[in-house]
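Chemist: Pasting a structure here, questions to come.
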Amino acid sequence: MAIIDEGRVVVQGLSPQWYGGRVGSVAMLRLDLLHPVISGNKWFKLRYNLLRAIGEGHRTVLSFGGAHSNHLIALAAAAGHIGLRSIGAVRGEYARDQLTDTLRTCEHYGMRLHFVSRADYARRQDTAFLQALSQQFAGVFIVPEGGANEEGIRGAQDIAAFVPAASTHLCVSVGSGTTFVGLRQALSARQALLGFVPLRGGRYLTEGIAKQLTQENNENWELFDKWHLGGFGKCDSTLISFMNDFYTVNGIPLDRVYTAKMMFGLRELIYSGAFPPDSKILAIHTGGLQGNSSVAQQLVF
Ligand SMILES: *Cc1c(COP(=O)(O)O)cnc(C)c1O
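Numbering (the working numbering), first residue to last: 141 to 441.
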């Protein structure tokens, strides 16, 4: 699918000033450069889902997400580009004048919004609920929330092809864990994979991730949930200052929900001496910059 030019992805070194020269190097894999909204890991998790939908003759794709979902907006744009219709099953009810920037942009790309009560949304993985949706929207191809299926994992495995062989530690933010699972499967076992969950108590995901890994891949990884900075989606002045400083020093914009909290945590880990001095750390920029619109006035980028 030619809608995304993967040649845009670069590995960009961070200024040693930012990490105090305490490790060999820190760089970011700039998946955010792929597209303004089909960005980062979302493209990789969607690509094989879209190919499968087309291959099976579907004309419409449906998926789930909240009102700020990077996944829904990426689906809306990607489906629009390739001529598939899309439906976003949105958690909660929103009046027309309450639509978030994300939902408005989803509509702009042609996505039909289908609001689902929180009680129903909790059933988004139940077979009966999914069957009812398939009947309501006949012929629809349903992608689970976050692209969390085999196609999503397979796509995430492709991200490993951009990782330099010399990297000793990989860092990625974790939501559903789909990207993390794909990466752990595809990376060399000697490369450590560190997952940063921006969610209070997010380490509960450890068990679910371990179950999805084969025994040989189930090693050399760890999740951290310490750096949720107030909880999922919360953004205070500490985080905003961090994002602005990071941009000033490194020239890289971070998103407030995922990558900013990962880099916040990574820097604390580096300064606490968690890494051997010759480590070559690669942090994956998973995109999500569209979600910064609500704090745009406070950002220098
Ligand atoms: C969705 C998202 C993640 C989490 O990806 P999972 O595969 O669901 O773990 C991380 N970073 C950004 C920017 C995202 O939008």
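We put the beta carbon where it would ideally sit given N, CA and C, even for glycine. Just so it is clear, the structure is predicted and the values come from calculations on it, not from any experiment.
ASP241 and GLN437: beta carbons closer than 9 Å?
Modeler: The residue labelled residue 241 in the question sits at position 101 within the sequence shown. The residue labelled residue 437 in the question sits at position 297 within the sequence shown. Not closer than 9 Å, so no.
Chemist: So, do the segment 359-371 and the segment 335-346 have three or more beta carbon pairs nearer to each other than 8 Å?
Modeler: Result yes; three or more Cβ-Cβ pairs closer than 8 Å.
Chemist: On the criterion of 16 or more Cβ atoms from any shown chain inside 10 Å, does LYS401 qualify as buried, or is it exposed?
Modeler: Numbered from its first residue, the sequence shown carries residue 401 at position 261. Under this definition LYS401 is a buried residue.
Chemist: Would you list the one or two residues that DSSP bridges to GLN152?
Modeler: Residue mapping note: residue 152 aligns to position 12 of the sequence shown, counting from 1. GLN152 is bridged to MET168.
Chemist: Restricting to Cα atoms, I'd like to know which of ILE421, ILE213, ALA278, SER433 is closest to LEU154.
Modeler: On the sequence shown, position 14 is the one that residue 154 refers to. For the residues ILE421, ILE213, ALA278, SER433, the minimum Cα distance to LEU154 belongs to ILE421.
Chemist: Taking 8 Å as the cut-off, is the CB of THR346 close to at least one heavy atom of ligand 1?
Modeler: Indexing the sequence shown from 1 puts residue 346 at position 206. The answer is no for THR346.
Chemist: Rounded to whole angstroms, how far is the Cβ of GLN325 from the Cβ of ASN357, which I believe are closer than 8 Å?
Modeler: Translated into positions along the sequence shown, residue 325 becomes position 185. Translated into positions along the sequence shown, residue 357 becomes position 217. 5 Å between Cβ atoms; contact.
Chemist: DSSP three-state label for SER209, please.
Modeler: Your numbering for residue 209 matches position 69 in the sequence shown. Residue state, collapsed to three classes: coil.
Chemist: Once the 5 residues before and after GLY370 are set aside, which same chain residues still bring their CB inside 7 Å of it?
Modeler: Walking along the sequence shown from the start, residue 370 turns up at place 230. Excluding residues within five positions, the ones whose Cβ falls inside 7 Å are ASP376.
Chemist: Where TYR261 and PHE404 are concerned, what is the direct C-alpha to C-alpha distance, given to the nearest angstrom?
Modeler: Stepping through the sequence shown from its first residue, residue 261 is reached at position 121. Stepping through the sequence shown from its first residue, residue 404 is reached at position 264. Rounded to whole angstroms, TYR261 to PHE404 spans 32 Å at the Cα level.
Chemist: Opposite GLY287 in the DSSP bridges: which residues?
Modeler: As a first step, residue 287 is located in the sequence shown; it is residue number 147 there, counting from the start. Answer by DSSP bridge pairing: none, since GLY287 is not bridged.
Chemist: Buried or exposed for THR318, going by 16 or more other Cβ atoms inside 10 Å?
Modeler: Residue numbering aside, residue 318 sits at position 178 when the sequence shown is read from its first letter. Flag for THR318 reads buried.
Chemist: Are the CB atoms of ASN189 and ASN289 nearer to each other than 9 Å?
Modeler: Taking the sequence shown and counting its residues from 1, the one referred to as residue 189 is at position 49. Taking the sequence shown and counting its residues from 1, the one referred to as residue 289 is at position 149. In this structure, ASN289 lies closer than 9 Å to ASN189 by Cβ.
Chemist: Sort GLY197, ALA306, GLY232 by Cα distance to ALA332 and report the nearest one.
Modeler: Reading the sequence shown from its first residue, position 192 is the one you call residue 332. If we check each option's Cα against that of ALA332, ALA306 comes out closest.
Chemist: Identify whether PHE302 lies in helix, strand or coil by the three-state DSSP scheme.
Modeler: What you label residue 302 is simply residue 162 of the sequence shown in a count that begins at 1. Correct three-state label for PHE302: helix.
Chemist: Using C-beta distances below 7 Å, list every residue in its chain close to ASN390, excluding the 5 sequence neighbours before and after it, in chain order.
Modeler: Taking the first residue of the sequence shown as position 1, residue 390 is located at position 250. The answer, listed in chain order, is LEU154, SER155, TRP158.
Chemist: What does DSSP give as the partner residue(s) for VAL280 in the beta ladder?
Modeler: Looking up residue 280 in the sequence shown gives position 140. DSSP lists THR200 as partners of VAL280.
Chemist: Going by DSSP, which residues form a beta bridge with ARG225?
Modeler: Looking up residue 225 in the sequence shown gives position 85. In DSSP, ARG225 forms a bridge with THR200.
Chemist: Could you check the C-alpha separation between GLN271 and ALA167 for me, to the nearest Å?
Modeler: As a position in the sequence shown, residue 271 is number 131, starting the count at 1. As a position in the sequence shown, residue 167 is number 27, starting the count at 1. When rounded, the distance between both Cα atoms is 45 Å.
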